[in-house]
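Top to bottom, those sequences are chains A and B. Letter by letter, the first sequence follows residues 1 to 109 of my numbering. Letter by letter, the second sequence follows residues 110 to 225 of my numbering. The beta-carbon is built from N, C-alpha and C at its ideal position, and this holds for glycine as well. Note that the structure is a prediction, hence the values are computed from the model and not measured.
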Amino acid sequence: DAKTTQPPSMDCAEGRAANLPCNHSTISGNEYVYWYRQIHSQGPQYIIHGLKNNETNEMASLIITEDRKSSTLILPHATLRDTAVYYCIVRGNTDKLIFGTGTRLQVFP
Amino acid sequence: GAVVSQHPSWVICKSGTSVKIECRSLDFQATTMFWYRQFPKQSLMLMATSNEGSKATYEQGVEKDKFLINHASLTLSTLTVTSAHPEDSSFYICSAQGLAGSHEQFFGPGTRLTVL
Numbered sequence: 001d002a003k004t005t006q007p008p009s010m011d012c013a014e015g016r017a018a019n020l021p022c023n024h025s026t027i028s029g030n031e032y033v034y035w036y037r038q039i040h041s042q043g044p045q046y047i048i049h050g051l052k053n054n055e056t057n058e059m060a061s062l063i064i065t066e067d068r069k070s071s072t073l074i075l076p077h078a079t080l081r082d083t084a085v086y087y088c089i090v091r092g093n094t095d096k097l098i099f100g101t102g103t104r105l106q107v108f109p
Numbered sequence: 110g111a112v113v114s115q116h117p118s119w120v121i122c123k124s125g126t127s128v129k130i131e132c133r134s135l136d137f138q139a140t141t142m143f144w145y146r147q148f149p150k151q152s153l154m155l156m157a158t159s160n161e162g163s164k165a166t167y168e169q170g171v172e173k174d175k176f177l178i179n180h181a182s183l184t185l186s187t188l189t190v191t192s193a194h195p196e197d198s199s200f201y202i203c204s205a206q207g208l209a210g211s212h213e214q215f216f217g218p219g220t221r222l223t224v225l
């Protein structure tokens with residue numbers, strides 16, 4: 001599976017949009033981009049995934065560049081409860097989710 | 110979304126004993142379950158993949174005789190840490206995936222194991 005690169009940490013003010021970047025320059029054509037988050041001492045929570053089109057659900061939006069080498073997860077109105085580690089994962093046909101180091105998002109009042 | 114439970118949520122045991130952790134998919138049938146381990150301030154590390162009715166596939170460096178995995182039904186997988194030692198203390202998390210072709214994996218809440 002392709003590796004991803006994420007900034008180790010980010011801050012965001014409550015109520016503002018949180019934009020979390022992810023680089024996956026070696027992604028293959030049949031690999032999806034997945035986002036999960038993990039709140040302290042809990043299991044990971046699925047957020048969103050996409051192949052090449054932008055995706056939106058009730059939690060977030062996923063913007064994938066045209067060349068698919070990078071993506072951005074957008075939390076439109078961050079709340080304190082969004083403080084977590086966010087993992088960007090590229091997943092192919094093996095069905096395994098390989099977690100990188102993620103981005104620790106701190107939402108402050 | 111689908112719900113995955115783990116039991117127990119935390120366990121403390123003496124060195125040398127064995128500990129069994131259960132992972133259940135509560136409202137769907139999981140053809141595949143995954144076991145992860147997470148040390149403090151580190152990311153999740155995949156330990157093994159188990160398919161219902163067949164032997165688990167372990168990741169490189171994971172001792173299959175130490176971490177016994179059983180996936181006897183479509184809703185239950187167990188991880189047994191045999192002869193546990195303090196270095197096995199960790200946060201163990203399972204995930205479950207539904208029917209083949211479904212991309213989604215649902216994670217359990219994790220089990221914190223402390224070996225004294």
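Assigned exposure category for residue i - 16 Cβ within 10 Å defines buried
i                      : result
residue 121 of chain B : exposed
residue 39 of chain A  : exposed
residue 110 of chain A : One cannot answer for residue 110 of chain A here, as it falls past the ends of chain A, which runs 1 to 109.
residue 31 of chain A  : buried
residue 117 of chain A : In the structure displayed, chain A extends from 1 to 109; residue 117 of chain A sits before or after that span and is not available.
residue 97 of chain A  : buried
residue 187 of chain B : buried
residue 149 of chain B : exposed
residue 163 of chain B : exposed
residue 43 of chain A  : buried
residue 192 of chain B : exposed
residue 29 of chain A  : exposed
residue 217 of chain B : buried
residue 206 of chain B : buried
Supposed contact pair residue j and residue i - C-beta distance, whole angstroms, cut 8 Å
i                      : j                      : result
residue 154 of chain B : residue 167 of chain B : At roughly 12 Å, the Cβ-Cβ gap does not stay under 8 Å, so residue 154 of chain B and residue 167 of chain B are not in contact.
residue 160 of chain B : residue 141 of chain B : 5 Å
residue 103 of chain A : residue 9 of chain A   : 6 Å
residue 194 of chain B : residue 127 of chain B : About 11 Å; that fails the 8 Å criterion.
residue 61 of chain A  : residue 54 of chain A  : 7 Å
Neighbourhood of residue i by C-beta, 8 Å cutoff - its chain only, sequence neighbours within 5 removed
i                      : result
residue 198 of chain B : 222, 223 and 224
residue 220 of chain B : 115, 116, 117, 118, 119, 120, 130, 200, 201 and 202
residue 173 of chain B : 157, 165 and 167
residue 59 of chain A  : 47, 48 and 75
residue 112 of chain B : 134, 135, 136 and 215
residue 65 of chain A  : 71
Beta-carbon contacts of residue i that lie in its chain and below 6 Å, excluding the five residues immediately before and after
i                      : result
residue 116 of chain A : Residue 116 of chain A falls outside the range modelled here, since chain A spans only 1 to 109, and no answer is possible.
residue 72 of chain A  : 19, 21 and 63
residue 70 of chain A  : 23
residue 7 of chain A   : 103
residue 87 of chain A  : 36, 99 and 102
residue 146 of chain B : 154, 156, 199 and 201
residue 41 of chain A  : none
residue 144 of chain B : 156, 157, 188 and 203
Neighbourhood of residue i by C-beta, 7 Å cutoff - its chain only, sequence neighbours within 5 removed
i                      : result
residue 183 of chain B : 138, 139, 140 and 161
residue 13 of chain A  : 108
residue 46 of chain A  : 36
residue 105 of chain A : 10, 12, 18, 20, 82, 83, 84 and 86
residue 171 of chain B : 156 and 157
residue 68 of chain A  : 27 and 52
residue 16 of chain A  : 78
Is the region 73 to 87 of chain A touching the region 176 to 192 of chain B, taking contact as three or more C-beta pairs under 8 Å?
-> no
Write down every uninterrupted run of the beta strand (DSSP E) in the region 140 to 189 of chain B whose length is 3 residues or greater and which is fully enclosed by it, in chain order.
-> As far as the region 140 to 189 of chain B is concerned, its whole beta strand (DSSP E) runs of at least 3 residues are 141 to 147, 154 to 160 and 176 to 182.
Pick out the complete beta strand (DSSP E) segments inside the region 10 to 81 of chain A, 3 residues or longer, and give them in chain order.
-> 18 to 23, 32 to 38, 45 to 50, 61 to 64 and 70 to 75
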